[in-house]
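Chemist: Mind the numbering: the sequence shown is residues 2 to 472 in our numbering, read in order.
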Amino acid sequence: MNYPLWVVPYLGGSWVIGIISIIHIFISHFAVGGGIFLAFAEQLAYRRQDDRIYDFLKQHSRFFVLLTTVAGATTGVGIWFSVSLVSPDGLASLIQSFTLAWAEEYLFFVAELATAFAYYYTWDKISREKHLQLARLYAIFSVFTLVIINGILTFMLTPGKWITSHWWFDGVFNPTYFPSLAIRLLIMLAIAGMYALVTCTRIKEPKFRVFMVRYCAKWLLPVFLLGPICTIWFLTQIPQTTLSTILVGIQNSGVGNYSIMARALYTSLVLSGTILLFAYFGPYLNPKGFTFRIALLFMVCGLAATGTTEWMREMLRKPYVVYNYIYSNGIHKTDIPEIAQEGFLQRGKWASALTSATPTDQVHNGEIVFRYQCMACHTENGYRSMKKLLGERDEDAISSFLGMIKDTDPKKNNYTNIMPPLAASDAEMKCLAKYLATINAEAAAANKAVTHKPTSGQEISQKISEPVSNN
């Protein structure tokens, strides 16, 4: 409400962030896991004095440097750009709270890039001992970037003691920091193996190709052996209400707002199991039959599993950007009661500048409230479309529902764990109802002419709980 708003039609701003983030995560995880892979693989080559492994690593490092420094850096900038437009208040909170952590992460990132370029451009120009040291140094720098950024990512779900102390150290080393760090390291090793399998399939010598394919396949084993244990550890540290959301989704799979969590969990498990079986029966037991095309399909499956898992992790903290502190629409939890009394449009610096001074222009003011409080998750006619959710509801029915989600009492508002409470005065709530009624004005008018009976808040609540709300 204190910044200009970026309106993305049909797709919604959250999906712009999501698409860029999933691609970046898959590449950035390769940057860390791949660095560890290069260090261990070069150690293997050095111990065996095997020129074939050295030749393979030269080719693989070229692919590695191009992908991580070009595509990785580009998508990383894309995340900052899109998040600053879609959720400026949330991003501002993270920057202000973790300025020192961001600075440290940036220093390690610069060191990581410099070492990556030095590693690639010094092949056959320095001794093998010193080149191996560069590989190890890159692996250390890349792991340290993970050590720092993992604290900020996990903080958003489990801020822990930071909520009261506001000390950045408490925020970084929060309850899910260590289990998440372990899970990410395991996933990074698996992704490094997937990428290496792609380059392994280009090896011409049959016997050496079989050896390297089988070696790369082994990098997927740790995540499947230790991953379930670390995941259980992680789940024991997340907020109880979040865990309840998952359990309710499993119990009511296919129905209601919570079912999307269950479907994401099932998808992640199925994809992970597919990768495990595929890695064992494919590159490990049958390395000769593992082709370049199969390796690419293998990576697509890994990207899908990573994307589903990351998307589910993001969903766990909804409706917050920072759990129990700031909502997805940028409004702080502690500000809700005051905004409900004083009004939303007068408090926001940018929102107030867009507000119409004409008392009769209620639809315009309602649209401003919608854009700032609802468009973080909804669109007018696209992803989580209000047009579909409202159906044929008229203004009276919409007002009844808005009155329910304005209440912060979980006993009166069933959506407290799904949506931020409506932070608006009664007058602004009426403006919002008028604007929402215009989205499906023709359908609402036809329905009213037939029934002559306004739909209750409970009925519209049931409508929004239908599976269409999860599409």
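Idealized CB from N, CA, C, for every residue including glycine.
Just so it is clear, the structure is predicted and the values come from calculations on it, not from any experiment.
Counting Cβ pairs closer than 8 Å, one from the region 75 to 91 and one from the region 11 to 23, do we hit at least three?
Modeler: Enough Cβ pairs lie closer than 8 Å, so yes.
Chemist: Round the Cβ separation of Y285 and R215 to the nearest angstrom and send it over; I've been treating them as touching at under 8 Å.
Modeler: 6 Å
Chemist: With a cut-off of 8 Å on the beta carbons, I'd call I440 and L317 a contact; round off their distance for me.
Modeler: Contact between I440 and L317 is ruled out by a C-beta separation of about 30 Å, above the 8 Å threshold.
Chemist: Label L298 either buried or exposed according to how many other C-beta atoms from any shown protein chain fall within 10 Å of its C-beta, with 16 as the threshold for buried.
Modeler: Classification of L298: exposed, given that the 10 Å Cβ count is below 16.
Chemist: Looking at the structure shown, is T237 part of a helix, part of a strand, or coil, going by DSSP?
Modeler: coil
Chemist: Where does V322 sit, in a helix, a strand or coil, going by DSSP?
Modeler: strand
Chemist: Please list the segments of the alpha helix (DSSP H) lying wholly inside the region 58 to 111, counting only runs of 4 or more residues, in order along the chain.
Modeler: Runs of the alpha helix (DSSP H) inside the region 58 to 111: 73 to 87, 89 to 98.
Chemist: Would a C-beta distance cut-off of 8 Å place I399 and L437 closer than the cut-off?
Modeler: yes
Chemist: Do L45 and S62 count as a contact pair if the criterion is CB distance below 8 Å?
Modeler: no
Chemist: According to DSSP, is T380 part of a helix, a strand, or is it coil?
Modeler: strand
Chemist: Following the continuous alpha helix (DSSP H) through P338, name the residue where it begins and the one where it ends.
Modeler: 337 to 343
Chemist: List the endpoints of the continuous alpha helix (DSSP H) containing D397.
Modeler: 396 to 407
Chemist: Measuring only from the beta carbon, is N287 closer than 7 Å to any heavy atom that is part of the ligand PLP?
Modeler: Ligands are entirely absent from the displayed structure, and the ligand PLP is therefore not among its contents.
Chemist: Quick check: the Cα distance between K5 and W351, rounded to an integer number of angstroms?
Modeler: The residue you asked about is not Lys; residue 5 is Pro in the sequence shown. Their backbone Cα atoms lie some 6 Å apart in a straight line.
Chemist: If you reduce the DSSP assignment to three classes, tell me which class S15 lands in.
Modeler: helix
Chemist: Smallest Cα separation from G36: which of A93, T246, A140?
Modeler: Comparing Cα-Cα distances from G36 to each of A93, T246, A140, the minimum goes to A140.
Chemist: Could you check the C-alpha separation between E467 and E396 for me, to the nearest Å?
Modeler: In this predicted model, E467 has a pLDDT of only 43, less than 50, meaning its place in the structure is not dependable enough to derive any value.
Chemist: What are the start and end residues of each continuous alpha helix (DSSP H) run of 4 or more residues lying completely inside the region 244 to 306, in chain order?
Modeler: 260 to 280
Chemist: Note the first and the last residue of the continuous alpha helix (DSSP H) segment covering T146.
Modeler: 129 to 156
Chemist: Quick check: the Cα distance between T75 and T335, rounded to an integer number of angstroms?
Modeler: 36 Å
Chemist: Leaving out the 5 sequence neighbours to the left and right, which residues in its chain are closer than 6 Å to I20 when beta-carbon positions are compared?
Modeler: none
Chemist: Which residue comes first and which comes last in the alpha helix (DSSP H) that contains A183?
Modeler: 178 to 201
Chemist: For P10, count neighbouring Cβ atoms within 10 angstroms of its own Cβ and tell me buried if that reaches 16, exposed if not.
Modeler: exposed
Chemist: Look at M189 and H30 and say whether their C-beta atoms are less than 8 Å apart.
Modeler: Going by C-beta atoms, M189 is nearer than 8 Å to H30.
Chemist: Please state whether DSSP places Y436 in a helix, a strand or coil.
Modeler: helix
Chemist: Three-state secondary structure (DSSP) at I327?
Modeler: strand
Chemist: Going by C-alpha to C-alpha distance, which of N175, I276, E311 sits closest to A296?
Modeler: I276
Chemist: Please name the residue in Q134, A425, I164, T356 whose C-alpha comes closest to that of I337.
Modeler: A425
Chemist: On the DSSP letters alone, give me the boundaries of the alpha helix (DSSP H) that F209 sits inside.
Modeler: Per DSSP, F209 belongs to the alpha helix (DSSP H) from 207 to 218.
Chemist: How many Å lie between Y196 and Y321 at the Cα?
Modeler: 34 Å
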